[in-house]
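What follows is a single structure, written as structure tokens, with notes after it.
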Amino acid sequence: MLDMKFIRENPNIVKENIKKKFQEEKLPLVDEAIDLDVRRRAAIAEADQLRSARNTLSKQVGILMGQAKKDPAKLQEAEKVKAQVKADADRLAELEGQEAELEAELHQRMLLIPQIIDPSVPIGKDDSENVEVERFGEAKTPDFPIPYHTEIMESFDGIDLDAAGRVSGNGFYYLLGDIARLHEAVLAYGRDFMINKGFTYCIPPFMIHGNVVEGVMSQTDMDGMMYKIEGEDLYLIGTSEHSMIGRFIDQIVPSEKLPQTLTSYSPCFRKEKGAHGIEERGVYRIHQFEKQEMIVVCKPEESRDWYEKLWRYSVELFRSLDIPVRQLECCSGDLADLKVKSCDIEAWSPRQQKYFEVCSCSNLGDAQARRLRIRYKDESGKIQLCHTLNNTCVAPPRMLIAFLENNLQSDGTVLIPEVLRPYMGGKEKLVPGKH
Numbered sequence: 173m174l175d176m177k178f179i180r181e182n183p184n185i186v187k188e189n190i191k192k193k194f195q196e197e198k199l200p201l202v203d204e205a206i207d208l209d210v211r212r213r214a215a216i217a218e219a220d221q222l223r224s225a226r227n228t229l230s231k232q233v234g235i236l237m238g239q240a241k242k243d244p245a246k247l248q249e250a251e252k253v254k255a256q257v258k259a260d261a262d263r264l265a266e267l268e269g270q271e272a273e274l275e276a277e278l279h280q281r282m283l284l285i286p287q288i289i290d291p292s293v294p295i296g297k298d299d300s301e302n303v304e305v306e307r308f309g310e311a312k313t314p315d316f317p318i319p320y321h322t323e324i325m326e327s328f329d330g331i332d333l334d335a336a337g338r339v340s341g342n343g344f345y346y347l348l349g350d351i352a353r354l355h356e357a358v359l360a361y362g363r364d365f366m367i368n369k370g371f372t373y374c375i376p377p378f379m380i381h382g383n384v385v386e387g388v389m390s391q392t393d394m395d396g397m398m399y400k401i402e403g404e405d406l407y408l409i410g411t412s413e414h415s416m417i418g419r420f421i422d423q424i425v426p427s428e429k430l431p432q433t434l435t436s437y438s439p440c441f442r443k444e445k446g447a448h449g450i451e452e453r454g455v456y457r458i459h460q461f462e463k464q465e466m467i468v469v470c471k472p473e474e475s476r477d478w479y480e481k482l483w484r485y486s487v488e489l490f491r492s493l494d495i496p497v498r499q500l501e502c503c504s505g506d507l508a509d510l511k512v513k514s515c516d517i518e519a520w521s522p523r524q525q526k527y528f529e530v531c532s533c534s535n536l537g538d539a540q541a542r543r544l545r546i547r548y549k550d551e552s553g554k555i556q557l558c559h560t561l562n563n564t565c566v567a568p569p570r571m572l573i574a575f576l577e578n579n580l581q582s583d584g585t586v587l588i589p590e591v592l593r594p595y596m597g598g599k600e601k602l603v604p605g606k607h
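If you want it as structure tokens, here you go:
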């Protein structure tokens, strides 16, 4: 959410930003917001004048009533002033109602106007125009066929999609045996990796109130992702970023306690509206999964540096697991409305002979902080908005897909990288049941 003062003073910049995001249908929102703001401020100004006049008139009534004891003519004058006080009170109530209505309408427009993107963001209409920045590790093609990821898991008796379908429907799974253990090992390794980077480990609430949902994501993302608890003001989180950023709602964080660097575990629940295609089979795109996340709340001048650190942590983690990756800069049309800048870390898929997304790193500037009123006091004592950032640490099962494909051997075994062996009971490789 942008500052209304900024929109009022820079409407052309806001409109140009909307055009860069290829959201021309939102251009009228800028003028509508400015008009609503003008009317809201006029209502506030008139209401303030009436409140000020009310005190003066009330004192005048008291004086006239006192004088009426000696001069009966003053009584009629007092009644006129009383009538004015009543009329002003009625008008004030009307103005307060208008102010609330205009504020609500303005708020809805403001929620839809996108954040100003960073100048470095490439301009493009959608994810097909995202820009590859750098590759890390050699993307090898083995001289033997790589089975689909569920077939690899099935060779270890590690997955049961049929039972999950009977119990919960499509988009769910049972993980078993070594594959389930590998799933937890990757999460535990990701947790400790971030702790060793100085992050504080957290387990947040897995449900949040609607005002927190509105504070952390756009309406479009909310409609396409969130599950609502029927009859309650609670939503299942789609990522722990939601409740982790919500933790700071209405807070003034002491300056000396910034930056807040947190790594959080949670299950994640997503509707995944619009998911389709061959790669949606198996466990690539599902309604429930677990994730380790990176969260940073910092001062504005620190957010660019933290953005660079966060995505590089992802590269380091994946390379430690022998998985080749690349950084892909998200173009303007692929940025969610609250994001200033974002990039994906994509892992190499030997089976598909292409990269696919496994991490998403985002700098949201002050967008979430403005919505949730997350602030700090600067050196001069002035209250400022914080900046917020997030990045995926590890999100199995997508991480498992990349891991299994890149560590699969021609005999069907899967090598366990050295850093992961302590979490797998010392195992150096997984051996299929047939072995």
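Going by my numbering, the sequence shown opens with residue 173, and the numbers climb by one from there.
Beta carbons: idealized from backbone N, C-alpha and C, even for Gly.
Note that this is a predicted model, so its numbers are computed, not measured.
Buried or exposed: where does residue i fall if 16 or more other Cβ atoms within 10 Å of its Cβ makes it buried?
i, result
"D509", "buried"
"E501", "buried"
"R263", "exposed"
"V303", "exposed"
"T372", "exposed"
"S534", "buried"
"G446", "Note that G446 scores a pLDDT of 49, beneath 50, so its modelled location is shaky; the value from the coordinates is reported in the next line. With fewer than 16 Cβ atoms within 10 Å of its Cβ, G446 is classed as exposed."
"G189", "Strictly speaking, residue 189 in this sequence is Asn, with Gly absent from that position. N189 should be labelled buried."
"S438", "buried"
"A265", "exposed"
"I495", "buried"
"V210", "exposed"
"R442", "buried"
"G537", "buried"
"S390", "buried"
"K549", "exposed"
"T392", "exposed"
"R419", "buried"
"Q540", "buried"
Could you give the distance in angstroms between the alpha-carbon of residue i and the alpha-carbon of residue j?
i, j, result
"S532", "P183", "30 Å"
"A519", "D405", "37 Å"
"H607", "K191", "Unreliable placement is indicated for H607, whose pLDDT of 44 sits below 50; the coordinate value is still reported in the next sentence. If I take the Cα positions, the gap works out to 59 Å."
"F365", "R593", "14 Å"
"R180", "E428", "33 Å"
"V293", "S504", "6 Å"
"K177", "G553", "21 Å"
"M282", "Y399", "24 Å"
"M394", "I295", "25 Å"
"H448", "E577", "Residue placement at H448 is flagged as unreliable, the pLDDT there being 43, under the threshold of 50; the coordinate-derived value follows with that caveat. About 22 Å."
"I588", "F575", "9 Å"
"V626", "E275", "The chain is shown only over 173 to 607; residue 626 falls outside these bounds and no answer can be derived."
"R570", "Y346", "15 Å"
"Q525", "M397", "29 Å"
"K198", "D298", "17 Å"
"M596", "K187", "53 Å"
"N368", "E590", "17 Å"
"K511", "Q287", "6 Å"
"K601", "V388", "41 Å"
"V385", "D422", "14 Å"
"F490", "R484", "10 Å"
"L493", "V358", "9 Å"
"E608", "P376", "Residue 608 lies beyond the range of the chain shown here (173 to 607); nothing can be said about it."
"Q499", "S224", "60 Å"
"G343", "F378", "19 Å"
"E301", "V530", "18 Å"
"L348", "I324", "13 Å"
"R363", "L572", "16 Å"
"G370", "K513", "24 Å"
"I185", "L267", "32 Å"
"I555", "P431", "16 Å"
Name the DSSP bridge partner or partners of residue i?
i, result
"N563", "M466, C533"
"W520", "Y527"
"K601", "L587"
"V497", "F308, A519"
"F461", "C440"
"K513", "N535"
>> Restricting to runs no shorter than 4 residues, where is the alpha helix (DSSP H) found entirely within the region 376-459?
In response: Segments of the alpha helix (DSSP H) lying fully in the region 376-459: 382-388, 391-397, 412-418.
> Which whole runs of the beta strand (DSSP E) in the region 548-595 are 3 residues long or more, in chain order?
Replying inline: Here the runs fully enclosed are 555-557, 559-566.
>> To test your reading of the DSSP string, which unbroken beta strand (DSSP E) runs of 3 or more residues are found completely within the region 251-318?
In response: Taking only runs of at least 3 residues, the beta strand (DSSP E) segments lying wholly in the region 251-318 are 303-308.
> Are there three or more Cβ pairs, one per stretch, closer than 8 Å when the region 308-322 is compared with the region 576-591?
Replying inline: Yes, the region 308-322 is in contact with the region 576-591.
> Do the region 345-356 and the region 468-478 make contact, defined as three or more Cβ pairs closer than 8 Å?
Replying inline: Taking a contact to require three or more Cβ pairs closer than 8 Å, the region 345-356 and the region 468-478 do not qualify as touching.
>> For a minimum of 4 consecutive residues, which ranges assigned as the alpha helix (DSSP H) are wholly contained in the region 317-377?
In response: You should have 321-327, 333-339, 349-367.
> Pairing CB atoms from the region 455-468 with CB atoms from the region 558-573, are three or more of them under 8 Å?
Replying inline: Taking 8 Å as the limit for Cβ pairs, the verdict is that the region 558-573 does touch the region 455-468.
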